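Inspection log for the structure reproduced underneath, given as structure tokens.
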Amino acid sequence: MRLEQLQAFLAIADTGSFQGAAKKCSVTQSTISRQIQALEADLGLELFHRTGQAKLTLAGERLLPRARKICQEWQTATQEITDLVAGKQPELCVAVIHSLCAYYLPPVLQQFCHDYPEVQLRVTSLGSDRALKVLKDGLVDMAIVMNNRFLTAGKEMVVEVLYDEPIEVLVGANHPLAQYERIPWSELVRYPQVVFKDGYGMQRLVQDRFERLQATLQAVLEVNTLDAFRGVVRQGELVALLPNSALVEARKDATLAVRPLANNSSADNSNLTRRVVMVTTQDRLQIPPIKHFWQLVRENVPPQVIRTYATDTMRLLFNST
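Okay, so the sequence shown: first residue is 520 according to our numbering, each after it adds one.
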């Protein structure tokens, strides 16, 4: 059974003749006849009484509402795909890590809403691993997250590195670690820490570094918002390892202190950083609104992050001289 056979059947039912159906479908009458004969052969029953007017048989009457529904569904589907290719997407869903959502992404969101006012933009703040999983499940169109090569390795995935940023230490202003210009790992490991909840890339990154140092991570509290980190650390004893972009508000708070980490020459001399990537699938990147959002992030987020980190670095060097 083919779609054009059902369309020919509906045209005959609507016009009452094979000739009228041929005109409606812009084909010859012999083409209409062949299509109906093939359809009747598939079904095993005649669909029309061959009299002066093409009247439906009992089988034709049973088929009619089903054929209308099938053809209508096909018409709806093809229209939706046509609209998708034309950029008429009803919504665009993006999963983003907290720090970008709070500070670096708003200008991009505003520009996209200006460029595509008819597209409903939905932004969800999630941990990196969770964001990549909902992307794989088709629940969002794009994820901007800390890289996890195990979740972005599929052939259908498109991954673009946005930037690498250092991990720093957040402590209370009166905490013993605040006296250091660069906090040694040997001192850091002595204190209990507040960490991101399971499913966040930062928790995995911190845990991995402690294991490489053969140190025990005293994770006494798990939270998942930047406000919660600041509030808990402000109380005094707990410390937190956070990426540079998550510490924008903390740097303005006199009750908190942000310090870079000193390299550990004895065990691990590499800097502790996280890599932020933008991820989608090959098919989604062909849709104009998604492609446009991708381009906006590519053009706007990395320079802003670089400027912010450069400014913070210069401030640190100036204060230490």
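Think of the CB as a built atom: it goes at the ideal place given N, C-alpha and C, for glycine as much as any other residue.
Please read all numbers here as calculations on a predicted model, not as lab measurements.
Residue i (DSSP reduced to helix, strand or coil)
i, result
"F715", "strand"
"D683", "strand"
"A786", "Residue confidence for A786 is low, a pLDDT of 49 falling below 50, so the modelled location carries little weight and cannot support an answer."
"G535", "coil"
"H811", "helix"
"N667", "coil"
"E846", "The shown model of the chain, from 520 to 840, leaves out residue 846, and the question about it has no answer."
"N477", "The question about residue 477 has no answer here: the residues shown for the chain are numbered 520 through 840."
"A734", "coil"
"A672", "coil"
"F528", "helix"
"K655", "helix"
"I825", "Residue confidence for I825 is low, a pLDDT of 44 falling below 50, so the modelled location carries little weight; the figure read from the coordinates is stated next. Of the three classes helix, strand and coil, the one that applies to I825 here is helix, per DSSP."
Bridge-paired residues (DSSP) for residue i
i, result
"V688", "L760, R778"
"M661", "V613"
"V677", "T799"
Cutoff 8 Å: residue i Cβ touching any chain C Cβ
i, result
"E741", "The chain labelled as chain C is not found in the depicted structure, where only one protein chain is given."
Extent of the continuous alpha helix (DSSP H) run through residue i
i, result
"T550", "548–562"
"V725", "720–731"
"E706", "704–707"
Residue span of the beta strand (DSSP E) that contains residue i, given as start and end
i, result
"V795", "792–800"
Three or more C-beta pairs closer than 8 Å, one from the region 727–736 and one from the region 690–710: is that the case here? yes
Start-end ranges of the beta strand (DSSP E) lying completely within the region 566–648, minimum 3 residues: 567–569, 573–575, 610–615, 639–644
Complete runs of the alpha helix (DSSP H) confined to the region 737–783 [at least 4 residues]: 745–753
If you pair each beta-carbon of the region 737–757 with each one of the region 665–676, do three or more pairs fall below 8 Å? no
Would you check if the region 541–551 and the region 581–593 touch, i.e. whether three or more CB-CB distances between them fall below 8 Å? no
Is the region 757–772 touching the region 674–688, taking contact as three or more C-beta pairs under 8 Å? yes
Specify whether the region 599–619 and the region 632–642 touch according to this definition: at least 3 beta carbon pairs, one from each stretch, less than 8 Å apart. yes
Can you find at least 3 beta carbon pairs, one from the region 673–681 and one from the region 786–805, that sit closer than 8 Å? yes
Between the region 808–820 and the region 621–636, are three or more C-beta pairs nearer than 8 Å? yes
Report yes or no: do three or more beta-carbon pairs, one from the region 566–582 and one from the region 523–543, lie closer than 8 Å? yes
Assess, as a yes-or-no matter, whether the region 718–730 is touched by the region 805–812 under the definition of 3 or more beta carbon pairs within less than 8 Å. no
Taking 8 Å as the threshold, find out whether the region 716–726 comes into contact with the region 653–660 through three or more Cβ pairs. no
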